[in-house]
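So in UniProt numbering, spot 210 of the sequence shown is number 210, and the numbers just go up one at a time.
The C-beta atom is built at its ideal place from N, Cα and C for all residues, glycine as well.
Take a look at the structure set out below.
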Amino acid sequence: MGAAELEAELCAAIRRGVELDTAAVSAAEHAKSAIVAAHRGFLFKLALQYSKQGVANEDLLRVASDSMVYAAATFSGERGTRLLTYAWFFIMRDLTSAVRMQGSALTVPTRSMSELRAMRKVEARLARRLGRAPTQAELVAEAGCSDKKVRQLRAAGRAASCVRWETLCRCGGLGGERGSGDETISQADVLSAPEPEDAMAAREEESRHLEQLLSLAVELLPVEQQRTALRLRFGLADGRWRTLRQVAAGMGRSQETARQAVADGVRSLERVLARLRLTSAVEEHMARMGDLSFKWDDCT
């Protein structure tokens with residue numbers, strides 16, 4: 001039996017254990033162990049990408065293993081996708097969430113949060129104008145602040161984004177005590193935040209990761225015309241967002257056809273992201289890259 005056939009058998013055994021909850025559970029547990037053991041090197045490599053961020057390597061490996069088992073239980077090879085390609089999506093999502101969830105909360109004064117919002121607007125405006133993430137020097141010139149102030153705001157903003165992402169996924173709003181006028185960020189994220197020089201690289205790495213997740217989600221859409229329209233609209237190939245007119249030119253279709261393809265694609269993409277619990281994370285990334293008030297409806 002080949003590797004692909006063996007993986008299919010193990011995935012089927014895990015599904016039977018989940019669905020039946022009978023004697024198949026024992027076989028499912030064996031299949032889970034076999035799946036994790038067969039891909040331990042792959043899981044360890046992904047987990048190491050998040051080391052030294054406040055979560056023990058053993059815990060990261062356990063999260064990756066659990067995600068691998070979940071992926072195997074929901075995997076279907078009918079579309080020709082390899083198990084590792086399918087599982088990578090869930091593993092990276094859960095590792096990112098594990099790092100963001102660690103730590104307790106600390107309050108940030110409202111005035112400081114206003115400064116963070118202002119810096120994010122400057123960063124988003126520059127990113128939209130330049131078509132890439134702005135450098136430290138460009139932010140200093142645009143914001144009219146000192147170099148030290150910009151570095152502090154960017155480091156704090158990175159930590160605030162982590163908790164905002166998780167809070168939005170849970171309750172649709174920002175944390176903090178009711179009526180206090182303050183908002184919350186993760187204390188562990190602040191204390192373990194990298195030095196300013198490394199913070200920019202970490203932010204860029206996070207953006208690349210979310211872009212990869214978005215690209216993979218787009219590839220899961222069933223209609224080729226929708227996939228093409230969204231690749232052009234979001235600049236998934238070259239990082240350059242396009243207007244509907246430019247999308248139409250790239251597709252060789254009318255602007256109305258392109259608009260409809262983007263609208264249908266966005267609705268399908270929202271369903272895919274909702275199933276994977278990634279809607280808020282991707283919205284925040286898109287806002288940071290293009291428009292701070294980004295919503296899916298803006299794309300259509």
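My assumption, with CB atoms under 8 Å, is that A133 sits in contact with A124. Please give the rounded CB distance. About 10 Å separates the beta carbon of A133 from that of A124, a gap too long to meet the 8 Å contact definition.
Could you check the C-alpha separation between A64 and G265 for me, to the nearest Å? 30 Å
What residue range is occupied by the uninterrupted alpha helix (DSSP H) comprising S67? N57 to T74
Pick from A274, E224 and K149: whose alpha carbon is nearest that of V262? Nearest of A274, E224 and K149 to V262, Cα basis: E224.
Hey, how far is the Cα of G235 from the Cα of W241? 5 Å
Rounded C-alpha distance that separates V239 from V36: For clarity, residue 239 is Gly in the given sequence; the question names Val instead. Near 35 Å, if we compare the C-alpha coordinates of V36 and G239.
Pull up the distance between the alpha-carbon of L232 and that of A143, whole angstroms please. 31 Å
For A229, the first and last residue of its enclosing alpha helix (DSSP H): Looking at the DSSP string, the run of the alpha helix (DSSP H) that includes A229 is E224 to F234.
Give me the Cα-Cα distance between F75 and A141, rounded to the nearest whole angstrom. 49 Å
Should E115 be labelled buried (16 or more other beta-carbon atoms within 10 Å of its own) or exposed? buried
Between S67 and chain B, is the shortest Cβ-Cβ distance under 7 Å, so that the two count as touching? Absence of chain B from the displayed structure is noted, only one protein chain being present.
Excluding sequence positions up to five away, which residues of its chain have a Cβ less than 6 Å from the Cβ of D94? V63 and S67
Looking only at its chain, what residues have a beta carbon closer than 8 Å to the beta carbon of L43, apart from the 5 residues adjacent to it on each side? So the qualifying residues of the chain are V36, L61, A64, S65, M68 and I91.
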